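Chemist: What follows is a single structure, and I will ask about it in a moment.
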Amino acid sequence: MSESNQHRPNMLPYGQQWLDEGDIDSVIQVLKSDFLTQGPAIQAFEEKVANYVGAKYAVAFTNGTAALHGACFAAGIGLGDEVITTPLTFLASSNCVLYQGGTPVFCDIDMETYNIDANQIETKITPSTKAIIVVDFSGQPVEIDRILDIAREKNLILIEDAAHSLGADYDGRKIGTWADMTMFSFHPVKHVTTGEGGIIVTDNETFYKKLIQFRSHGMTRNPDEMTQNDGPWYYEMHALGYNYRMTDIQAALGVSQMDKLDDFVQRRREIVEIYNRELAEIPGLVLPYQHPKANSSWHLYVVRFLPEYFSYSRREIFETLRNRNIGVHVHYIPVYLQPYYQKLGYRKGLCPNAERYYETAITLPLFPKMTDTDVKDVVDAVKIFRKEI
Ligand SMILES: *Cc1c(COP(=O)(O)O)cnc(C)c1O
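Okay, so the sequence shown: first residue is 220 according to my numbering, each after it adds one.
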């Protein structure tokens, strides 16, 4: 082993926010203003995100999970409805179906992109299928053109969980206007942050109105929508909604963060180029595949260690990297393997590719604030496992 054995003094996380004085000032302005919530910063943030992706409408939520719940409500998902989704995602993308009483139907992944396999979606469609929730895993968009064709032909609503892919594009067009509704998350590990936060963008006015209603108790104050009107104080509840409103404190941070999005994505792409170059020569290490039509915004950099090439197990590799203060992770445990889903009747073996992926994957640190030295620390640590030939 030629690499240095020196360890980093501190743990390098796999992802982290990047805030500057401008972000902090923007939040302080709100704290000094009259509105901490339901004020002007929300609309400013919604407009900024909608304009960035080219969508007509945006509705901000407390977090991405609440936003997905809203999308399922707007899509009319209810008891007995099936929703096709990927097992290789965070729990929220299928839990939102359960919140509405629907049934998630897991469709296996493609072993190159790790996204839902567009070739298998049709085999999962039944008369009960109502929607498809796709996830742009790691920031690389799914084959959204093909999936949209399937959705249109079968009359299904298409929801895109784009928590990983803000700033990405497919076939030259930004993620955000392809699906019927697209969700972005603003958790600190995502591309830009509001602390906690999420948003749905859409071009569809009906969905937009439902989302607005859902995030605020299912209530309306619009006289045109009310069954009666007792006076200026009057409001009506028309659906079982929630309090899923984002605060202006969060939205102000989001407005300021959005200005940096393109620079953040650019820096992520630079780091990925270094990883791709420096790790290319390790036999049995599978680097991320890039679909020719997709331009990833690189939320995650996932590598797979093919067991037959390494003298250590994935777990040993993971633990060695962690011991060297490289904050590796595993994204994700296939959702249906969770005990809660097992109780619902899902079984191991359902999506063999996702399970095979899960056995071998490790996520390397990737976030814009990483220095070139941080990147080199990761590269050096991973190179330890290259077998001497
Ligand atoms: C982060 C994330 C979510 C949920 O977003 P939150 O803002 O944390 O609620 C949903 N789906 C995926 C794929 C995510 O990565």
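All C-beta atoms, glycine included, are put in the ideal place defined by N, C-alpha and C. Computed from a predicted model, the values in this text were never measured in an experiment.
Which residue comes first and which comes last in the beta strand (DSSP E) that contains R523?
Modeler: Numbered from 1 along the sequence shown, position 304 holds the residue referred to as residue 523. Where R523 is concerned, the enclosing beta strand (DSSP E) stretches over Y520 to F524.
Chemist: For the region 514-522 against the region 481-490, are there 3 or more C-beta pairs whose distance is under 8 angstroms?
Modeler: Put simply, the region 514-522 touches the region 481-490. At least three CB pairs are less than 8 angstroms apart.
Chemist: Just verifying my parser: in three-state terms, what is the DSSP assignment at R227?
Modeler: Here the question's residue 227 lines up with position 8 in the sequence shown. R227: coil per DSSP, three-state reduction.
Chemist: Ligand 1 and H457: does the residue's C-beta get closer than 7 angstroms to at least one heavy atom of that ligand?
Modeler: On the sequence shown, position 238 is the one that residue 457 refers to. No, Cβ of H457 sits at least 7 angstroms from all heavy atoms of ligand 1.
Chemist: Helix, strand or coil: which one does DSSP assign to S532?
Modeler: Translated into positions along the sequence shown, residue 532 becomes position 313. DSSP places S532 in coil when its eight states are reduced to three.
Chemist: For the beta strand (DSSP E) containing Y276, list its first residue and its last residue.
Modeler: To locate residue 276, count along the sequence shown from 1; it is residue 57. Segment Y276 to F280, the beta strand (DSSP E) holding Y276.
Chemist: Please report the Cβ distance between V353 and T305, rounded to the nearest whole angstrom; I am assuming they are in contact, meaning their Cβ atoms lie under 8 angstroms.
Modeler: For the purposes of this step, residue 353 is identified with residue 134 of the sequence shown, where counting begins at 1. For the purposes of this step, residue 305 is identified with residue 86 of the sequence shown, where counting begins at 1. At roughly 7 angstroms, the Cβ-Cβ gap stays under 8 angstroms, so V353 and T305 are in contact.
Chemist: Excluding the 5 residues flanking S221 on each side, which residues of the same chain have their C-beta closer than 6 angstroms to its C-beta?
Modeler: Mapped onto the sequence shown, residue 221 falls at position 2. Annotation note: pLDDT 42 at S221 (below 50); position unreliable, no value reported.
Chemist: Going by Cα to Cα distance, which pick from F325, A294, Y233 and L287 is closest to V554?
Modeler: Counting from one through the sequence shown, the residue named residue 554 turns up at place 335. For the set F325, A294, Y233 and L287, the Cα lying nearest the Cα of V554 is the one of F325.
Chemist: Is the beta carbon of L506 closer than 8 angstroms to that of N495?
Modeler: Residue 495 sits at position 276 when you count from the first residue of the sequence shown. Residue 506 sits at position 287 when you count from the first residue of the sequence shown. Yes.
Chemist: Distance check for P451 and I363, CA to CA, integer angstroms please.
Modeler: Within the sequence shown, numbered from 1, the residue matching residue 363 stands at position 144. Within the sequence shown, numbered from 1, the residue matching residue 451 stands at position 232. Spanning the two alpha carbons is a distance of roughly 46 angstroms.
Chemist: For R464, I'd like the list of residues in its chain whose CB is within less than 7 angstroms of its CB, leaving aside the five on either flank, ordered along the chain.
Modeler: The sequence position of residue 464 within the sequence shown is 245, counting from 1. Within the same chain, R464 has close Cβ partners T256, Q257, T281, R434 and S435.
Chemist: Spatial neighbours of P407 within its chain, please: CB distance less than 6 angstroms, with the 5 preceding and 5 following residues excluded, ordered by chain position.
Modeler: Looking up residue 407 in the sequence shown gives position 188. Here the set comprises Q236.
Chemist: For P306, which three-state DSSP category applies?
Modeler: Mapped onto the sequence shown, residue 306 falls at position 87. P306: coil per DSSP, three-state reduction.
Chemist: Take the Cβ of I608 as the centre, count every other Cβ of all protein chains shown within 10 Å, and call the residue buried at 16 or more, exposed below.
Modeler: For the purposes of this step, residue 608 is identified with residue 389 of the sequence shown, where counting begins at 1. Only weak support exists for where I608 lies, its pLDDT of 49 falling under 50; the value from the coordinates is given anyway. I608 should be labelled exposed.
Chemist: Please determine, among P259, I340, F604 and N448, the residue with the shortest C-alpha to C-alpha distance to R534.
Modeler: As a working note, residue 534 is residue 315 in the sequence shown. Nearest of P259, I340, F604 and N448 to R534, Cα basis: F604.
Chemist: In three-state DSSP terms, what is S313?
Modeler: The sequence position of residue 313 within the sequence shown is 94, counting from 1. The answer is helix: DSSP assigns S313 an H, G or I state.
Chemist: Applying the criterion that 16 or more other CB atoms from any shown protein chain within 10 Å of the CB defines a buried residue, is D481 buried or exposed?
Modeler: Taking the first residue of the sequence shown as 1, we reach residue 481 at position 262. By the neighbour-count rule (16 or more Cβ atoms within 10 Å), D481 is not buried but exposed.
Chemist: Short of 8 angstroms in beta carbon distance, which residues of its chain neighbour T308, apart from the five on each side in sequence? Order them along the chain.
Modeler: In the sequence shown, the residue the question calls residue 308 occupies position 89. Excluding positions up to five away in sequence, the list reads V354, F356, D380, Y551 and V554.
Chemist: Does the beta-carbon of T284, which I'm using as the reference point, lie nearer than 7 angstroms to any heavy atom of ligand 1?
Modeler: By one-based count along the sequence shown, residue 284 stands at place 65. T284: yes, Cβ under 7 angstroms from ligand 1.
Chemist: Using only the heavy atoms of ligand 1, determine whether one of them is closer than 7 angstroms to the beta carbon of T413.
Modeler: To locate residue 413, count along the sequence shown from 1; it is residue 194. The answer is no for T413.
Chemist: Would you check if the region 326-346 and the region 281-292 touch, i.e. whether three or more CB-CB distances between them fall below 8 angstroms?
Modeler: no
Chemist: Can you tell me where the alpha helix (DSSP H) with L614 in it begins and where it stops?
Modeler: A question about residue 614 goes unanswered here, because the residues of the chain that appear run from 220 up to 608.
Chemist: Using the Cβ count rule (16 or more neighbours within 10 Å means buried), how would you classify P558?
Modeler: Numbered from 1 along the sequence shown, position 339 holds the residue referred to as residue 558. Exposed is the call here.
Chemist: Where are the beta strand (DSSP E) runs, 3 residues long or more, that stay fully inside the region 340-372, in chain order?
Modeler: Entirely contained in the region 340-372, the beta strand (DSSP E) runs reaching 3 residues are, in chain order, 348-354.
Chemist: Would you kindly report the start and end of the unbroken beta strand (DSSP E) that includes S404?
Modeler: Residue 404 sits at position 185 when you count from the first residue of the sequence shown. Looking at the DSSP string, the run of the beta strand (DSSP E) that includes S404 is M400 to S404.
Chemist: Spatial neighbours of P442 within its chain, please: C-beta separation below 6 angstroms, excluding the five flanking residues on both sides.
Modeler: Indexing the sequence shown from 1 puts residue 442 at position 223. N448, listed in sequence order.
Chemist: In angstroms, rounded to a whole number, what distance separates the CA positions of E492 and T590?
Modeler: For the purposes of this step, residue 492 is taken as the residue at position 273 of the sequence shown. For the purposes of this step, residue 590 is taken as the residue at position 371 of the sequence shown. When rounded, the distance between both Cα atoms is 14 angstroms.
Chemist: Under the rule that 16 or more other beta-carbon atoms within 10 Å means buried, what is G564, buried or exposed?
Modeler: One-based indexing of the sequence shown puts residue 564 at position 345. Classified as exposed, G564 has fewer than 16 neighbouring CB atoms from the shown chains inside 10 Å of its CB.
Chemist: At the 8 angstroms Cβ level, is P526 part of the contact set with chain B, yes or no?
Modeler: Of the protein chains in this structure there is only one, and it is not chain B.
Chemist: Do the region 230-247 and the region 415-422 touch if we need at least three Cβ pairs shorter than 8 angstroms?
Modeler: no
Chemist: With respect to 7 angstroms, is the separation between the Cβ of H548 and the closest non-hydrogen atom of ligand 1 below this value?
Modeler: As a position in the sequence shown, residue 548 is number 329, starting the count at 1. Incorrect: H548 has no Cβ contact closer than 7 angstroms to ligand 1.
Chemist: For D327, report the span of its beta strand (DSSP E) as first-last.
Modeler: Translated into positions along the sequence shown, residue 327 becomes position 108. Neither: D327 is in no beta strand (DSSP E) and is coded neither H nor E.
Chemist: Sorry if obvious, but does the Cβ on G417 come closer than 7 angstroms to a heavy atom of ligand 1?
Modeler: Numbered from 1 along the sequence shown, position 198 holds the residue referred to as residue 417. Yes.
Chemist: Could you give the DSSP three-state label for K393: helix, strand or coil?
Modeler: For this step, residue 393 is matched to residue 174 along the sequence shown. Looking at K393 - three-state DSSP - the assignment turns out to be strand.
Chemist: Note down, in chain order, each residue of its chain lying with its Cβ closer than 7 angstroms to the Cβ of N229, except the 5 sequence neighbours on either side.
Modeler: Taking the sequence shown and counting its residues from 1, the one referred to as residue 229 is at position 10. Once the five neighbours on either side are set aside, the close Cβ partners of N229 are N544.
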